[in-house]
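Engineer:
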Amino acid sequence: TTINLGAGLARMDKKVLLIDADAQASMTVALGYKNPDELPVSLANIMQDVMDDNEILPDTALLHHKEGFDLLPSNIDLSGIEIRIVNVMRRESVLKSYVDMQRPNYDYILIDCAPSLGMLTVNALTTADSLIVPAQPHFLSAKGLDLLMGSVGKVKRHINPELRVEGILLTMVDRRTNLANEVIDELRNHYGSHVNVFETEIPHSIRAAESSAAGVSIFEYDKSGKVAAAYENLTKEVTELERQNRSRTSPCR
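Under this note's numbering, the first residue of the sequence shown is numbered 9, with each subsequent residue one higher.
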């Protein structure tokens, strides 16, 4: 989702930085860097430099993808950072220090997180202005969504009061099954009154998995397919929500 949203924004001539904040480096691998542990510099090095108060140049560790966006990659070294960060002052804000430096250089900075609420994910939530929550239409995913929303609420109350949930994004949707339809209806009814649920639904398709194996976005791999069309619609929804949020927060003239 992060890759395809980032690629969609880049196709709209936005300056985009993707940050892989998962030690498994799934996004890094899916963008064609098949041996991330061999990369000389990654997010782990950047976060270590922040903790050591070392100077960081804006271009350090960035990989420039052929589809027009930048990537700050991850690798297994990030696991060690999650252990060391526990003893650092303002440990929740290490990533924020780096992202704040990069904000003037990009229109969008998208952070891909692990599906667990460790210290790296807390760092991402502390850094972010908003959050997109992917959810698959089955009951276990819906239950996990409740737990995640509770954790997001805690971060919002105690660390980052400006954090907002941009929306819940339904992914890997197969409307041919009754179970999927039931779960989707339940999610929209349960959350729709107080949390945005994106109108766009990302359909289940083997083409999405194939694009990851090819190291490119769905736009590059299958630009005329249904998944690319869905991500194009999602990109439009996201930019429209941002426009609305900016108009609400702009001072009156």
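From the three backbone atoms N, C-alpha and C, an ideal C-beta is built for every residue, glycine too.
1) In or out: residue 168 buried (at least 16 other Cβ within 10 Å) or exposed?
2) Please classify residue 17: does DSSP put it in a helix, a strand, or coil?
3) Who are the Cβ neighbours of residue 85 in its own chain at under 7 Å, not counting the five residues just before and after it?
4) Which two residues bound the contiguous alpha helix (DSSP H) that contains residue 36?
5) So what does DSSP say about residue 230, is it helix, strand or coil?
6) Going by DSSP, what residue range makes up the alpha helix (DSSP H) through residue 180?
7) Among the residues of its own chain, which have a CB less than 6 Å from the CB of residue 119, if the five just before and after it don't count?
8) Answer yes or no: does any C-beta atom of chain D fall closer than 8 Å to that of residue 81?
9) Can you look up residue 81 in the DSSP assignment and give me helix, strand or coil?
10) Nearest to residue 165 by alpha carbon, out of 122, 176, 134, 143?
11) Leaving out five residues on either side along the sequence, give the residues of the same chain with a beta carbon under 8 Å from the beta carbon of residue 195.
12) On the DSSP bridge assignment, give the partners of residue 117 in chain order.
13) Which residue marks the beginning of the beta strand (DSSP E) containing residue 143, and which one marks its end?
14) If you follow the beta strand (DSSP E) that residue 209 is part of, which residue opens it and which one closes it?
15) Taking all protein chains shown into account, do 16 or more other C-beta atoms lie within 10 angstroms of the C-beta of residue 136, making it buried, or fewer, making it exposed?
16) Name the DSSP beta bridge partners of residue 71, please?
Structural biologist: According to the data block:
1) buried
2) helix
3) 50, 52
4) Segment 34-38, the alpha helix (DSSP H) holding residue 36.
5) Correct three-state label for residue 230: coil.
6) Per DSSP, residue 180 belongs to no alpha helix (DSSP H); it is in the beta strand (DSSP E), 172-181.
7) 27, 29, 132
8) This model lacks chain D altogether; it includes just one protein chain.
9) coil
10) 134
11) 143, 145, 150, 153, 176, 178, 205
12) 25
13) 138-143
14) 205-211
15) buried
16) 79
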